[in-house]
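Just so we're aligned: the sequence shown equals residues 851 to 1117 in the working numbering. Beta carbons: idealized from backbone N, C-alpha and C, even for Gly. The structure appears below as structure tokens.
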Amino acid sequence: MKPLIALTIYTTLISGTLITMSSSHWLMTWMGLEMNMFAIIPLIIKTHSPRSTEAATKYFLVQASASMMLLMAASINFMYTGQWTLTSMDHQMACTILLITLMMKLGMAPFHFWVPEVTQGTLLSTSLIILTWQKLAPLSIMYQIAPSFNQNIILTSAMLSILIGGWGGLNQTQLRKIMAYSSIAHMGWMAAVLMFNSSLMLLNLLLYIIFTLATFTILMNCSTTSTSTLSMAWNNHPLMITMLLTVLMSMGGLPPLSGFIPKWLII
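Here it is in structure tokens:
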């Protein structure tokens, strides 16, 4: 990819997220999400393989459907309240549609099906962006209007996400899919605690991003994408593999590692 094209894509990606996070108007929020979506697609298909094309198609269909539902929720709320601001989301049907939209964008159960496939179909660097940076904009919307959502729906989806994320990663040999299921589980933890303590959700998000960034950095340095190549990488990179195992155990919430603290506080 040419430097100018890469600069344009990453600038659009960052700008879209910042617009969504800083906006209080639904149209600007939607515009930021669209910029975010269209910027990541060229990164997904950068390898020009059938699998990356399939991953980009799945990502586009899910995200485009979610964007359409977001506009529908905002329009319904405007019809009943006359307001386009995020904090004025008071209509029950609009709130439910918006919650489903955010669950689709975050990859929460039962709308998680696209996350492992898209993550597996692209490069490690792009998978890192999908599992970290792409979560910030939807989470910022959920953070701002969490009190308006139906608590039962969020908790049900959160529990399903935690269970599916934990169970789905057990039989995987591809590290990108394992990290994808880990992301699904962590989104469930964040959504569950958001209804009760937003500050704890931010702590969980920060640790999740740090651990995921560390994991993918080590995997990229070791050129490792599966558990079989990971076991063979021990001979060449013993220190990095030791660090990777420590980070993974911390992500799993094993004491006395730092990943145990937010889960203990949540419970």
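- Counting C-beta pairs with one atom in each stretch, the segment 1088-1102 and the segment 1062-1072 have three or more that are closer than 8 Å, which means they touch.
- Using a C-beta cut-off of 8 Å, the segment 882-891 makes no contact with the segment 962-970, since fewer than three inter-stretch Cβ pairs fall below that distance.
- Taking GLY1016 as the centre and dropping the five residues before and after it, the same chain places the C-beta of ALA1035 closer than 7 Å to its C-beta, in chain order.
- Pairing LEU1080 with LEU1025 gives a Cβ-Cβ distance under 8 Å.
- GLN1024 sits in a strand when the DSSP states are folded into three classes.
- Here THR951 is not near LYS896, since their CB atoms are 8 Å or more apart.
- LEU956 and GLN984 have their C-alpha atoms spaced approximately 8 Å apart.
- Taking each of THR1023, GLN1022 and ASN1002 in turn and checking the Cα distance to ALA1042, the smallest one comes out for ASN1002.
- When secondary structure is reduced to three states using DSSP, HIS1087 falls in the coil class, being assigned neither helix nor strand.
- Between the segment 853-862 and the segment 905-913 there are fewer than three inter-stretch CB-CB distances shorter than 8 Å, so the stretches are not counted as touching.
- Only residues of its own chain outside the window of five on either side were considered, and among them ILE894, GLU967, VAL968, GLY971 and THR972 have a CB closer than 7 Å to the CB of ALA905, listed in chain order.
- When the beta-carbon positions are compared, ALA987 and THR870 come within less than 8 Å of each other.
- Straight-line measurement puts the Cα of GLY1018 at about 20 Å from the Cα of ILE1004.
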